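Have a look at the structure below, then the notes.
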Amino acid sequence: MRTKVGVVTVSDRASQGVYPDRSGPEAMAFVGERWPEAEILYRLVPDEEEAIQEAVLALLGEGCRLLLLAGGTGPAPRDRTPEAVLPLLDKVFPGFGEAMRLASFRETPTAILSRALAGSRGEALVLLLPGNPRAVRTCLEAVWEAVPTALRLLGG
């Protein structure tokens, strides 16, 4: 059985069709390059806590062991991904957020405003990534080597 990976893009405008989602496809491409046997499930939701939580819980219910959420991690009033996801997590892994911010900060000083983070729910690892496609790749590259170990330690 293939491991399921859930990718959720959190964006008001992309979810309304104002412009195409580029962050989710970037995350899916990254996973496909490094984990070609993974089955990737995708959702696109607005910056609304209830919609974010519904997507996370649905993907976990479908058996996803890794969730990547792109968007909604900045300081703007509509950026609510951490507020939506933190209550769903069993544990938070601060090192992931620190590594993602450091890698992004090396490319742009405004990355210090990012609220990217990671944690677990049950046997699943959940990563909250910035919404910029380039930052998605930068952050995933920064933490990817720890993902298999985290998944193994979480139970699978």
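The number in the numbering used here is simply the position in the sequence shown, starting from 1, with 108 added. Just so it is clear, CB atoms sit at the ideal spot from N, CA and C, and this is done for glycine as well. Model, not experiment: these values are computed from the prediction.
Just so you know, the alpha carbons of Ala135 and Leu176 end up roughly 7 Å apart.
Close CB contacts of Leu149 within its chain, under the 8 Å cut and outside five residues either way in sequence, are with Lys112, Val113, Gly114, Val115, Leu167, Glu170, Cys172 (chain order). Gly180 and Gly239 have their C-alpha atoms some 7 Å from each other.
Taken in chain order, the complete alpha helix (DSSP H) segments of 4 or more residues contained in the region 169-198 are 189-193. For Leu262, the uninterrupted alpha helix (DSSP H) segment begins and ends at 255-262. If one requires a minimum length of 3 residues, the beta strand (DSSP E) runs lying completely within the region 196-256 are 225-229, 232-237, in chain order. The residue from Lys199, Ala146, Leu248, Arg188 with its alpha-carbon nearest to that of Ala159 is Arg188.
Secondary structure in the region 114-158: the alpha helix (DSSP H) runs of 4 residues or longer, each lying completely within the stretch, are 120-123, 131-142 in chain order. Around the Cβ of Val234, a 10 Å sphere holds 16 or more other Cβ atoms; the residue is buried. With a beta-carbon spacing of about 5 Å, Ser123 and Leu152 fall inside the 8 Å limit used to define contacts.
Counting C-beta pairs with one atom in each stretch, the region 219-237 and the region 202-209 have three or more that are closer than 8 Å, which means they touch. By the CB criterion at 8 Å, Glu147 and Arg121 fall outside the cutoff.
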